[in-house]
Amino acid sequence: MEKIDPKLWGNVVGLTNSQKFFIEAWIELTDFNTNESYRPRVMNLKKILNELYTYLSGVLEGQDRFKIYVEEITNEALEILEKEKILLENEPVLLLELQDVLRKLKGIKNRKSSEVYKAREQLVILKKIIYKLEPQYREKLISRLKETINEGNNNRLVLQLTSMFLTDLIADGHSMKHLYFCKRALIEWKEVRPDSDFESRFTRMLENLESEKQWTVYFKIYSNEPFDIEFPNYGMVKFYNALRFFGAQQDLTVPDDFTEETPEVRYASVKVTATNPHGATLIGRDIIENLLDTIVYTIVNQHLEIYHKVFIPNDGGLNESSLRQLHQVNTNTRFSFEEIISFFENVENSNFNNESIERLKAALRFYRMSITTNTEHVAFINSWTSIEYLITGNNSNINQDDVRNIISTILSLRYVTDLINDLKLNLFNLEIKHPYGECWEEIDESEFIKNLRDSEFKDELSETLEDNELLKHRTMELAENISSNEKMLAHIEKHKQRIEWHISRLYRTRNVIAHEASDVDVTLILPHIQLYNFLIIETALNFISEKNMFTSLDEVFIKVQSWYSIATSYVKDNEDYNPIVKYYEGLF
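Numbering (the UniProt record's numbering), first residue to last: 1 to 588.
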């Protein structure tokens, strides 16, 4: 959680606590360092209903394998609707129709083909609902968000609506990085005009987010050998041998990365229309890649590669962007380079089987290829390959359900631990005093849970956090979710279910890319699969290095699932012990 300079709050005239909470929430939800559990969800009601319509149409066209997809999407849509039905309060008929459609689609995976045709009526109604919902979704969302902020008595709803709004903006092509810098309009720019109150700042931010403008995006292209042809200009695309002369003519400062002049380098500029630099980068990249596809096809042995950085002139300044970081993943391994090298030396001299060692090495290789490529579809497929091969190897008996269960179990085991450590780190970084004078970093997870279950401790901490409303909200929310072992397990199981839905979505996306060569948009889900990829490799390395008892990766993943089952059962019967937060130690 970012530490905001208290002086900045003075830039906003008449700032209320609720408005301050919204600004804090916006910054946290878009900050690169925010725990993934606190970032905007991938799906909102508008997006998931469109996804449901696509697969339900497929079922009615005879694609029986889509029935399980419709079932999973329906269950997820019901959960999302429960949160987002506040946007349909003035549309009771529409809400009832939608609830009825979703209820009738439950159980479709078990219906015979002869019965599925009855779902055609639901498809027609669903299309009507989408047609009515889509044009007014964002307008209703913004209106309800403003209303809730002005009421000033429901921070939980402000946070929920802000997250929903960001999900919708990201789906429209805004990057997290671009949305994060909207804080400049909300709080950082010091206004001298009378309209420096929150409402005026919020309105200007919306105008900037939704107004389109023309951008020029500059790319650098490498070849494996000197270019022996001149690329012709094509539409809004222009090619250059060097940018320094062009830059001088346009009074443009060219970044150092774009000053190279060699026979193996060319530059290109693309003029596009978009609402933000990120969207312009995506559009420009697609145009350049389509041209390069044709060029490479017609020129023998010419290997062309787009440099991973672009630059965009913007109001006299520059936006520099990395194609590898359009949606960033925050990962931090506990292993050093030397420890990984030592790890492989040790396992290669142990009874750990060679096939599992090769799977680990392949997983690391495909993970590297995923996070270093400039192309999102390639990144997605590489991460999926890394995960799938690490878990299954050459074992044809492990199916999609097994893979999904292993991934969701690993991520659920570390869920509470991650939330607790994230909270302790935020309390430490924001210099919040411990009620009993202890150091946040020195308290282990089990002790911290006991503290949050102690009403006196919780009350004192709540008072200490009076000036940090968002951190107070996160702290009290976590305290409630883990206030008993029963509630903690329910919280973990709910998280596990969401992970399983999301993994199913990743699997569907993988099939669309691999089998249909479809240009499906993966910008929203790519950070998730890359994060899952990282965490699964990290978990495998942890278990193998700390428990000198495994002979294969298959044993590791079997033990992970077994231990999760044992730990959750033990927690149910032992209120004072929480083995889930110590899963690295394990009950082996």
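We put the CB at the ideal spot given by N, CA and C, even for glycine. Bear in mind that the values here come from a model prediction, so they are computed numbers and not experimental data.
Identity of the residue in the options nearest residue i by Cα
i, options, result
"I129", "V416, L49, E463 and E188", "L49"
"F239", "Y222, A268, F311 and E212", "A268"
"S310", "T281, E51, N290 and L292", "What sits at residue 310 in the sequence shown is Val, not Ser. When only C-alpha atoms are compared, the closest one is T281."
"K83", "L506, T568 and V158", "V158"
"E199", "I406, V59, L95 and S18", "S18"
"L88", "K361, Y69 and E139", "E139"
"G58", "Y117, N33 and N374", "Y117"
"L390", "S412, R359, S408 and I410", "R359"
"D5", "G14, T16 and E24", "E24"
"N394", "L553, L52, N150 and M176", "L553"
"F258", "R404, V217 and L292", "V217"
"E339", "E466, H495 and E546", "E546"
"Y234", "L292, H278 and T539", "L292"
"Y415", "N349, M476, I482 and D454", "I482"
For residue i, the three-state DSSP class (helix, strand or coil)
i, result
"G173", "coil"
"P6", "helix"
"N17", "helix"
"I536", "helix"
"V237", "strand"
"W269", "Correcting the residue identity first, residue 269 is Ser in this sequence and not Trp. In this structure, S269 counts as strand in the three-state DSSP scheme."
"A242", "coil"
"D467", "coil"
"D31", "coil"
"D197", "strand"
"Y584", "Confidence at Y584 is low in this model, with a pLDDT of 43, below 50, so the placement of that residue is unreliable and no value is reported for it."
Cutoff 7 Å; reference residue i; Cβ partners in own chain excluding five residues on either side
i, result
"L364", "I537"
"F448", "I420 and K424"
"S223", "E264, Q302, H303 and L304"
"T551", "N351, F352 and N353"
"residue 601", "Summary: the structure shown does not reach residue 601, with the chain confined to residues 1 through 588, and so no result is reported for it."
"S342", "none"
"S370", "A379, N382, S383, S386, Q530 and N533"
"I125", "E97 and V101"
"E585", "Low per-residue confidence applies at E585: pLDDT is 48, beneath 50, and the placement is therefore not dependable enough to give any value."
Where the beta strand (DSSP E) containing residue i begins and where it ends
i, result
"A514", "A514 -> not in any beta strand (DSSP E); alpha helix (DSSP H) instead, spanning N485 to E516."
"P92", "Note, P92: premise wrong, no beta strand (DSSP E); alpha helix (DSSP H) at P92 to L105."
"V310", "K309 to N314"
"E305", "L304 to I306"
Enclosing alpha helix (DSSP H) for residue i [first to last residue]
i, result
"W215", "Here W215 belongs to no alpha helix (DSSP H); instead the beta strand (DSSP E) covers K213 to S223."
"V124", "R120 to E151"
"residue 598", "Since the first and last residues shown for the chain are 1 and 588, residue 598 lies out of range."
"H278", "P277 to T298"
"H377", "E376 to T392"
"N349", "Neither: N349 is in no alpha helix (DSSP H) and is coded neither H nor E."
"M43", "Per DSSP, M43 belongs to no alpha helix (DSSP H) and is neither H nor E."
"I73", "K67 to E84"
"S408", "Q400 to L413"
"L430", "Counting along the chain, L430 falls outside any alpha helix (DSSP H), and DSSP gives it neither H nor E."
"K450", "E445 to L452"
C-alpha gap between residue i and residue j, whole angstroms
i, j, result
"L206", "L541", "45 Å"
"K67", "L98", "19 Å"
"W9", "R505", "41 Å"
"F588", "Y297", "Note on F588: pLDDT 34, under 50, position unreliable in the model; the coordinate value appears next. Going from the Cα of F588 to the Cα of Y297 covers about 56 Å."
"G437", "K450", "16 Å"
"residue 611", "R204", "Summary: the structure shown does not reach residue 611, with the chain confined to residues 1 through 588, and so no result is reported for it."
"L78", "L102", "7 Å"
"T74", "E51", "10 Å"
"N155", "D459", "18 Å"
"V272", "I283", "7 Å"
"G62", "L56", "10 Å"
"N110", "R120", "17 Å"
"K112", "K106", "14 Å"
"I86", "L252", "49 Å"
"K559", "E355", "18 Å"
"E134", "K47", "9 Å"
"T475", "I295", "56 Å"
"I312", "H377", "24 Å"
"E555", "E388", "16 Å"
Same chain, Cβ closer than 6 Å to residue i, five either side skipped, listed in chain order
i, result
"N346", "none"
"I499", "S408 and L411"
"N427", "As written in the sequence, residue 427 is Leu, which differs from the Asn given in the question. Same-chain partners within the cutoff: W440."
"Y583", "Residue placement at Y583 cannot be trusted, given a pLDDT of 49 that sits under 50; the coordinates are not used to answer."
Residue i Cβ short of 7 Å to the ligand NAP heavy atom set
i, result
"N421", "This structure does not include the ligand NAP; it has no bound ligands of any sort."
Neighbourhood of residue i by C-beta, 8 Å cutoff - its chain only, sequence neighbours within 5 removed
i, result
"T464", "I432, K433 and P435"
"R510", "F380, I381 and W384"
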